[in-house]
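Below you'll find the structure, written out as C-alpha cells, and then a few comments.
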Amino acid sequence: MSQTFSSRWGLILATLGMAVGTGNIWRFPRIVATNGGGSFLVAWLVFLLAWSIPLMIVEFAFGKRGRLGTVRTFRLFAGERAGWMGGWVALCAAAIAFYYSVVAGWCLRYFFASLVGELGQADPEAFWESYAGSGSSFFTHALALVLAGSVVWFGVRGIERVATVLIPLLVGMVVILAVRAVTLPGAVAGLEFLFRPDWSALGDVNIWLQALTQNAWDTGAGWGLILTYAIYMRAREDVPLNAFLIGFGNNAMSLLAGIMVLCTVFALNPGAKDEIVGAGNEGLTFIWMPQLFAQMPAGGLFMVLFFLALSFAALTSLIAMIELITRVLLDAGFTRRKALVMVCFATLWFGAPSALSLDFLHNQDWVWGIGLMVSGLFFAVAARRFGVEKLRTEVVNAEGCDLHIGRWWNFMISVVVPLEAVLLMVWWLWEAKVGPPDKWLDPFGVETVGTVLVQFFIALVGLILLDRWLLARRVEARSR
Amino acid sequence: MSATALLFMFLVCGVVWGGFAGLLLRAVRREGRKP
C-alpha cells in the first residue's frame, strides 16, 4: 500500500499549494485590470462553477478510484487504447514543469536580492535584463529544482509536511501585503477600479473567454495534478466538498492578490497604471513591483514578503508537477528515487533553453497553455467514456462524501466543459492568426499558430506510437 | 468609492471569501463527526 495523506487538512493544503501559483499573483491582477475590472469578476465566478470545480471533481474521483498516475488512469476509465490521452496530460505537465522551474528560480533570485538589499539599490529594469536569460537564471532554475525535488524525494508525507508550513505562511503574507496596499493613501481608487461593474461589458465575448482562460490556467483543474494528489487520499475521503474548497480557496487567493497589486499600483503610480498592467507577467512583477515597493514606507520589508510569497507559491506548484511525472514513472515500474532523479535531470536539461532564452520560455508557455485546454477536454472525454452518471453515483457521491452532487454536474462534464475547451482552443488560435499566413503558420515563431500545430502533432504521434507499442508488449507478455 | 463599487465589492468578496469560509466550516464539522 502506498503512502496516504495523514489527514484531510494535509490533502487540502497540498492541493491548495498546487493550485495557488504565480498565475494567481502575477496574472490575475493584470487580466482583471485589462478586462473591465468588476465585469470580469462576474464571468470569472461563473467559470469557477462551469469549468474548474466540475473538472476538479472528475480528477479527485479518478484519483480516489484508480490510485494510478495519469497514463494508467486513462486506460482504466477511458479504455485500454486511451493511455495516450493520459500521456498527453503528463506531457503537458512535464513541458510546463520544464519552464516553470525557471520561473520558480526567478522568484527565489528576487527574494534573495530583496533580502540582501541588492534590489533596492539597482535599477529594476537593468537588473532584470542582466539576469533573465543569463547563466544565473540557469543556476536558479537548478536551485528551484533541487528544492522541489528534495521534497518529492520523501513522497506524499514530505509534500504534506512542506505544504502544512508553506501554505499558511503564504496566505498570511498575502493578507499582510493586501492590508498594507489597502491602507496606502489613494488605494481606494484601486478598489473602485477592481470592483466597479460595467454591465454593458458583459456583452463582450472576449471578457468571458479571458475569464474562462484564467480559470483553466490558475486553478489547476484539468492538469492531472489534483488526480495525482488524490491517489494518496485516505480510503473514505470526501470528493465534492474538497473540490469546492480548492476552487474557492484558489480564487480567494487570486482576489487577495488582485487587491494587493491593484491598490499598490493605483496608490503609488496611478499615472502609469496602463503601462504597468500592460507590461506582461515579468514586467509587472520583476520591473514594476520593485519600483512601487521602493516608494512605499518600509517598502524593503514588504518587497521581501512579496517575493517570498511568490517563491512559496511557485515552489508548491512545481512540487506537484514533479510528483505527477514521478508518479507516471512509478506506475511503469521504477522506484520513487530512480524516477525522481530521471525527472529532475530531464527538467534541468529541457528547462535549460527556457532559462537561457525568454523567447523560448514564452513559446513553451504559449504552446502548453493551449495544451492544457486539450487536457481538460480529455478528462471530460474519459469521464463520458466511463459513464458520467456512474462516476457520480459510485465515486463522487460514495461513502464519505460531505456534499451531495446533483445531476447538474453530469451536464457540465458531458456538454459544457467539452464545448468550453474547444471554444477556448479555437479562440486562442484565431487570436494568434494575424498577418500573412507565412507569419502565423511559422513553426519557429514565438506565439504563432504554426508552432502550436507542429509541436502538438509531434507530441500526439509520439504518444500514440508509444502507447501502441506498450500495449502490444503487454498483450505479448500476457500470451506468454 | 462609489456606492455601486462598494456594494459589488461586498458581494464578490462575500461570495468568494464567505463561500470558502463556509465550505471550510462544513468540512471541519463533518470531519469532527467522522470516527
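Each protein sequence line maps, in turn, to chains A and B. Going from the first sequence to the numbering used here is simple: count from 1 and add 3. Going from the second sequence to the numbering used here is simple: count from 1 and add 1073. Cβ atoms here follow ideal geometry from the backbone N, Cα and C, with glycine treated the same way.
Worksheet item: If you draw a straight line from the alpha carbon of Ser117(A) to that of Ala147(A), how long is it in whole angstroms?
Response: One-based indexing of the first sequence puts residue 117(A) at position 114. One-based indexing of the first sequence puts residue 147(A) at position 144. Roughly 17 Å separates the two Cα atoms.
Discussion item. Can you tell me where the alpha helix (DSSP H) holding Ser42(A) begins and where it ends?
Written reply: Working through the first sequence from its first residue, we reach residue 42(A) at position 39. Run containing Ser42(A): Gly41 to Phe50, per the alpha helix (DSSP H) assignment.
Item to complete: Determine the direct distance from the alpha carbon of Glu240(A) to that of Lys67(A), and round the result to whole angstroms.
Response: Counted from its first residue, the first sequence places residue 67(A) at position 64. Counted from its first residue, the first sequence places residue 240(A) at position 237. Approximately 8 Å between the Cα atoms of the pair.
Worksheet item: Counting Cβ pairs closer than 8 Å, one from the region 84-93 of chain A and one from the region 421-438 of chain A, do we hit at least three?
Response: no
Worksheet item: Around the C-beta of Val1085(B), are 16 or more other C-beta atoms found within 10 angstroms, so that it is buried, or is it exposed?
Response: Locating residue 1085(B) in the second sequence gives position 12, counting from the first residue. Its Cβ being crowded by 16 or more others within 10 Å, Val1085(B) is buried.
Discussion item. Give me the chain B residues within the contact set of Glu195(A), using Cβ-Cβ distance strictly less than 8 Å, ordered along the chain.
Written reply: In the first sequence, counting from the first residue as 1, residue 195(A) sits at position 192. What Glu195(A) touches in chain B: Met1074, Ser1075 and Ala1078.
Worksheet item: Using the beta-carbon count (16 or more within 10 Å), is Phe130(A) buried or exposed?
Response: On the first sequence, residue 130(A) is found 127 positions in, with the first residue counted as 1. Answer is buried; the Cβ neighbour count reaches 16.
Worksheet item: Nearest to Glu326(A) by alpha carbon, out of Phe65(A), Thr73(A), Asn38(A) and Val35(A)?
Response: Your numbering for residue 326(A) matches position 323 in the first sequence. Residue Thr73(A) is the option with its Cα nearest to Glu326(A).
Worksheet item: So, Ala260(A) versus Val177(A), is the Cβ gap smaller than 8 Å?
Response: Residue 260(A) sits at position 257 when you count from the first residue of the first sequence. Residue 177(A) sits at position 174 when you count from the first residue of the first sequence. Closer than 8 Å, so yes.
Item to complete: Count the other CB atoms, across all protein chains shown, that sit within 10 Å of the CB of Asp334(A); report buried if there are 16 or more and exposed otherwise.
Response: As a first step, residue 334(A) must be located in the first sequence, where it is residue number 331. So Asp334(A) ends up on the buried side.
Worksheet item: Does the beta carbon of Leu1098(B) come closer than 8 Å to any beta carbon on chain A?
Response: Looking up residue 1098(B) in the second sequence gives position 25. Answer no: the Cβ-Cβ gap between Leu1098(B) and chain A never drops below 8 Å.
Fill in: Given 8 Å, three or more beta-carbon pairs between the region 459-477 of chain A and the region 379-397 of chain A
no
Worksheet item: Exposed or buried, what is Trp352(A) when buried is set at 16 or more other beta-carbons lying within 10 Å of its beta-carbon?
Response: As a position in the first sequence, residue 352(A) is number 349, starting the count at 1. By the neighbour-count rule (16 or more Cβ atoms within 10 Å), Trp352(A) is not buried but exposed.
Worksheet entry | Sequence-distant residues of the same chain with beta carbon closer than 8 Å to Met4(A), five excluded per side | In the first sequence, residue 4(A) corresponds to position 1, counting from 1. Its pLDDT being 47, under 50, Met4(A) is placed unreliably in this model, and the coordinates cannot settle the point.
Worksheet item: Along chain A, which residues have their Cβ under 7 Å away from the Cβ of Gly1092(B)?
Response: Within the second sequence, numbered from 1, the residue matching residue 1092(B) stands at position 19. Neighbours of Gly1092(B) on chain A, chain order: Phe251.
Worksheet entry | 7 Å Cβ shell around His365(A) - same chain, five flanking residues per side excluded | Counted from its first residue, the first sequence places residue 365(A) at position 362. Around His365(A): Val449 and Glu450.
Worksheet item: Just reading off the alpha helix (DSSP H) that Ala125(A) is part of, what are its end residues?
Response: Taking the first residue of the first sequence as 1, we reach residue 125(A) at position 122. Run containing Ala125(A): none; DSSP gives neither H nor E here.
Worksheet entry | Residues near Phe1083(B) by beta carbon distance below 7 Å, same chain, minus five either side | Position 10 of the second sequence, counting from 1, holds the residue named residue 1083(B). Excluding residues within five positions, none has a Cβ falling inside 7 Å.
Worksheet item: Under 8 Å between the Cβ atoms of Gly40(A) and Leu230(A)?
Response: Start at 1 with the first residue of the first sequence, and residue 40(A) comes out as number 37. Start at 1 with the first residue of the first sequence, and residue 230(A) comes out as number 227. No, the Cβ-Cβ distance between Gly40(A) and Leu230(A) is not below 8 Å.
Worksheet entry | Supposed close pair Ala316(A), Val23(A) - CB separation, criterion 8 Å | Position 313 of the first sequence, counted from the first residue, corresponds to residue 316(A). Position 20 of the first sequence, counted from the first residue, corresponds to residue 23(A). So it is a contact: roughly 5 Å between Cβ atoms.
Worksheet item: Beta-carbon of Pro200(A) versus every beta-carbon of chain B: anything under 8 Å?
Response: For the purposes of this step, residue 200(A) is taken as residue 197 along the first sequence, with counting starting at 1. Pro200(A) counts as touching chain B.
Item to complete: Could you tell me which chain B residues have their CB closer than 9 Å to the CB of Gly41(A), listed as they occur along the chain?
Response: If you number the first sequence from 1, residue 41(A) lands on position 38. Here the neighbours are Thr1077, Ala1078, Phe1081, Met1082 and Val1085.
Worksheet item: For the putative contact between Ala349(A) and Phe141(A), defined by C-beta atoms under 8 Å, what is the C-beta separation to the nearest angstrom?
Response: Indexing the first sequence from 1 puts residue 349(A) at position 346. Indexing the first sequence from 1 puts residue 141(A) at position 138. Incorrect: roughly 15 Å between the Cβ atoms, too far for contact.
Discussion item. If you reduce the DSSP assignment to three classes, tell me which class Lys276(A) lands in.
Written reply: The residue given as residue 276(A) occupies position 273 in the first sequence. It is helical.
Discussion item. Just to confirm before moving on: does the CB-CB distance between Leu212(A) and Trp369(A) stay below 8 Å?
Written reply: For this step, residue 212(A) is matched to residue 209 along the first sequence. For this step, residue 369(A) is matched to residue 366 along the first sequence. Not in contact: Leu212(A) and Trp369(A) (Cβ atoms no closer than 8 Å).
Worksheet item: What separation, rounded to the nearest whole angstrom, lies between the Cα atoms of Met455(A) and Pro446(A)?
Response: Start at 1 with the first residue of the first sequence, and residue 455(A) comes out as number 452. Start at 1 with the first residue of the first sequence, and residue 446(A) comes out as number 443. In the sequence on display, residue 455(A) carries Val and not Met. Near 8 Å, if we compare the C-alpha coordinates of Pro446(A) and Val455(A).
Worksheet item: Pick from Ala312(A), Gly303(A), Val398(A) and Trp226(A): whose alpha carbon is nearest that of Met256(A)?
Response: Position 253 of the first sequence, counting from 1, holds the residue named residue 256(A). The shortest C-alpha separation from Met256(A) is found at Ala312(A).
Worksheet item: Between the beta-carbon of Leu16(A) and the beta-carbon of Thr222(A), is there less than 8 Å?
Response: Along the first sequence, read from residue 1 onward, the residue named residue 16(A) stands at position 13. Along the first sequence, read from residue 1 onward, the residue named residue 222(A) stands at position 219. The answer is no: Cβ separation not under 8 Å.
Discussion item. Which of the three DSSP states is assigned to Met21(A) in this structure?
Written reply: As a position in the first sequence, residue 21(A) is number 18, starting the count at 1. Here Met21(A) sits in helix by DSSP.
Practice prompt. For the alpha helix (DSSP H) containing Thr216(A), list its first residue and its last residue.
Written response: On the first sequence, residue 216(A) is found 213 positions in, with the first residue counted as 1. Residues Val208 to Asp221.
Discussion item. Whether or not the region 385-397 of chain A and the region 44-56 of chain A are in contact is what I'm after, with contact meaning three or more pairs of Cβ atoms, one per stretch, closer than 8 Å; do they touch?
Written reply: no
Item to complete: Please go through the same chain and pick out, in chain order, the residues whose beta-carbon is closer than 7 Å to the beta-carbon of Leu321(A), but skip the five residues on each side of it.
Response: In the first sequence, the residue the question calls residue 321(A) occupies position 318. Cβ neighbours of Leu321(A) beyond the five flanking positions: Ala100, Tyr103, Ser104, Ala107, Ala147 and Ala151.
Discussion item. If I follow the unbroken alpha helix (DSSP H) through Ser257(A), where does it start and stop?
Written reply: Within the first sequence, the letter at position 254 stands for residue 257(A). Pro243 to Leu271 is the extent of the alpha helix (DSSP H) around Ser257(A).
Item to complete: Give the residues from the region 11-22 of chain A that approach chain B closer than 9 Å (Cβ to any Cβ), ordered along the chain.
Response: Arg11, Trp12 and Ile15
Worksheet entry | Buried or exposed (CB count within 10 angstroms, at least 16 for buried), Ala1094(B) | Within the second sequence, residue 1094(B) is the residue found at index 21, counting from 1. Its Cβ having fewer than 16 others within 10 Å, Ala1094(B) is exposed.
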